[in-house]
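Only one structure is covered here, and it is reproduced in the block below.
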Amino acid sequence: MHAQPRFAAYPFALGVASGDPDEGGFVLWTRIASVGSDAAFLAQEDFTVDWVVAEDEQLRQVVRRGTAIASADWAHSVHVEVDGLAADRSYWYQFRCGGEASATGRTRTLPAPGARTSRLRLALASCQHYEHGYFAAYRHMLSDDLDLVLHVGDYIYEGSWGPQVRRHESPDGADTLAGYRNRHACYKSDDDLQRAHAAYPWLVTWDDHEVSNDYAGSVSRYGETPSAFVQRRTSAYRAYYEHMPLRARHRPGAGGMSLYRRAQFGDLATFNILDDRQYRSAHACAEQGEKVADCPQRWSRAQTMLGDTQQRWLEDGLTSSATRWKVIAQQTLIAPFVSRKNDGREVVWTDGWDGYAGARAHLLDFIAERRVPDVVTLGGDVHAFYATDLKTDFDDPDSPVVATEFVGTSLSTQGDDYAAIARDLPLNPHVRHFENRWRGYLRCEITPKLWRSDLRIVDDVTDVRSDARTLLSLHVESGRAGVQA
Ligand code: FE
Ligand code: CA
């Protein structure tokens, strides 16, 4: 044990973070990532890291302090769970190791479950390809006075799409534990991302690119054998845990990593944070490719998106929630999206919920039959803003709207062809708004009567100093599912 290691470079170069707040605390994160002059030796040592939590930014009114182990086994990451604090207030925190101090982070506890709560503000982020642009959007979140940042995946991209604005740490794709660790460290080195982590508590879940493009459970899109792919996935999940502010109960094992969980914000909102990737069935009708005409497998009861255990857990959460808003935070577009090919055939993309159409119908039927009011779903993945009316029968114009969906655009990853998607909008009347020409995030202000979603865009993702603005605001009224323009 190196009680006082001496680092040749700043050991907190990846910043600090906090996450998974509840009414009494949160988890604090950092990773000692500097290598010293005796790097090989230090890399195998565990370090002790001191931490403090204070009621003020100058860290004078310290309310908790302790020492954590940054173990070599876990890439010298530190996850400190703090509890017993006061509900619904800000705290500041800092780490020290080897005579060096980290940046000071700010975080917040949640209002106690059931406590009357008049407002919640969050930013929804996803899809931040480092090579495609800068993370100026995160800098603009700093002036948004948020309670939470919610990240729904593609936090890293395992592969390179060619250097466009800046380069990954390596032109190679990540597929080993060392590779995923280095890729996470590359992203975490971004100054704007670090500031957003240091400013707000985050709730995170992953999508595909934290492991491999469009994987489904243990099935790779690229023909790796399931056993080889699960080994790769295990490395990726481990690196994800090591770099995220997640509580120890999510620490991965050989079989996988449990990530789905709930957070309750007073009497105002319950967040059901899903894992759409780990338990899903292989893609439907894969012999037809990624975009398919209808096929029975999409509707099969065996074709699961969440797995039975998570599905039941979600249903329990929806019916037992005592909060006004029931939020389903997940990876991708839930609503169907039909596109017409040049030959006139109508097809859907099977990596999204369209490949799991029976599971989607089951979920929306459940919400309708149990009359669960005020359900709002949040997603990412498709590099576009979508606002949709979720219905039990999308082919029937008179089918009632049972929930409201917002998908946030990509933080930096480039979008698909706007004109091609816009041409297909008439085939999808439940899509109330679509926009993919800008990068940015969705900012939500939630009150008991009204949910407002602001489509926030950066003017130029290739400019680290880019301005940001609100393109449009969309609303949902409590008691009335569906988007109000
Ligand atoms: Fe993406
Ligand atoms: Ca994705």
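In this note's numbering, the protein residues as written are 21 to 505. The beta-carbon is built from N, C-alpha and C at its ideal position, and this holds for glycine as well. Note that this is a predicted model, so its numbers are computed, not measured.
Proximal residues to residue i (C-beta, below 7 Å), its chain only, five neighbours per side dropped
i: R360; result: E366, D444 and L447
i: A88; result: V69, W71, V98 and V100
i: A524; result: Absent from the model: residue 524. The displayed extent of the chain is 21 to 505, so no value can be given.
i: G179; result: G193 and N233
Cβ-based burial, residue i [other Cβ within 10 Å; buried from 16]
i: Y376; result: buried
i: R457; result: exposed
i: T225; result: buried
i: D379; result: The amino acid occupying residue 379 in the given sequence is Ala; Asp does not appear at that position. So A379 ends up on the buried side.
i: N292; result: buried
i: T490; result: exposed
i: R459; result: buried
i: E455; result: buried
i: W181; result: exposed
i: K346; result: buried
i: R109; result: exposed
i: T408; result: buried
i: T339; result: exposed
i: P31; result: buried
i: E425; result: buried
i: E307; result: exposed
i: Y438; result: exposed
i: Q78; result: exposed
i: Y406; result: buried
i: Y242; result: exposed
i: P265; result: buried
i: S146; result: buried
i: A349; result: buried
i: R344; result: buried
i: G273; result: exposed
i: R26; result: exposed
i: D164; result: buried
i: S247; result: exposed
i: T245; result: exposed
Short Cβ contact (9 Å threshold) for residue i with residue j
i: L410; j: A355; result: yes
i: D227; j: E310; result: no
i: D336; j: A501; result: no
i: G39; j: L223; result: yes
i: V422; j: I466; result: no
i: W112; j: G104; result: no
i: Y154; j: D192; result: no
i: R11; j: H495; result: Since the first residue shown for the chain is 21 and the last is 505, residue 11 is missing from the structure and cannot be characterised.
i: P41; j: L288; result: no
i: A74; j: Q64; result: no
i: R258; j: S232; result: no
i: E436; j: A236; result: Correcting the residue identity first, residue 436 is Asp in this sequence and not Glu. The answer is no: Cβ separation not under 9 Å.
i: C206; j: E230; result: no
i: T429; j: P420; result: no
i: D295; j: Q330; result: yes
i: V368; j: D416; result: no
i: R67; j: G119; result: Checking the sequence, you will find Phe at residue 67 rather than Arg. It is not a contact, given that the beta carbons lie outside the stated cut-off.
i: R463; j: L162; result: no
i: A404; j: I441; result: yes
Integer Cβ distance of residue i from residue j, believed to fall under 8 Å
i: W373; j: L398; result: Rounded, the Cβ-Cβ distance is 14 Å, inconsistent with contact.
i: V69; j: A90; result: 5 Å
i: V484; j: A132; result: Going by Cβ atoms, the distance from V484 to A132 rounds to 40 Å, so no, they are not a contact pair.
i: T129; j: E43; result: 6 Å
i: L142; j: V169; result: 7 Å
i: R300; j: M277; result: With 8 Å as the limit, R300 and M277 do not qualify as a contact, their Cβ atoms being about 15 Å apart.
i: T196; j: S255; result: 6 Å
i: A304; j: R318; result: 5 Å
i: F46; j: T137; result: With 8 Å as the limit, F46 and T137 do not qualify as a contact, their Cβ atoms being about 17 Å apart.
i: Y175; j: H149; result: Going by Cβ atoms, the distance from Y175 to H149 rounds to 10 Å, so no, they are not a contact pair.
i: Q351; j: R297; result: 7 Å
i: L34; j: S209; result: 7 Å
i: A488; j: V481; result: Actually they are not in contact, since the Cβ atoms of A488 and V481 sit about 10 Å apart, beyond 8 Å.
i: L431; j: Y461; result: 6 Å
i: A216; j: Y158; result: 4 Å
Same chain, Cβ closer than 8 Å to residue i, five either side skipped, listed in chain order
i: A107; result: E43, G44, T129, L130, P131, A132 and A135
i: V451; result: A355, F357, Y406, A407, T408 and L445
i: W333; result: Y280
i: A322; result: S301
Same chain, Cβ closer than 6 Å to residue i, five either side skipped, listed in chain order
i: R281; result: I293
i: V36; result: T50, S122, A123, G125 and A218
i: L48; result: S38, V100 and Y113
i: Q184; result: E151 and H152
i: R116; result: D70
i: R390; result: T339
Proximity test, residue i beta-carbon vs ligand 4 heavy atom, cut-off 8 Å
i: T245; result: Questions concerning ligand 4 fall outside what the structure shown contains, since the ligands it does hold are ligand 1 and ligand 2.
Pocket of ligand 2 (residues with CB nearer than 5 Å to any heavy atom), chain order: D174, D227, D228 and D401
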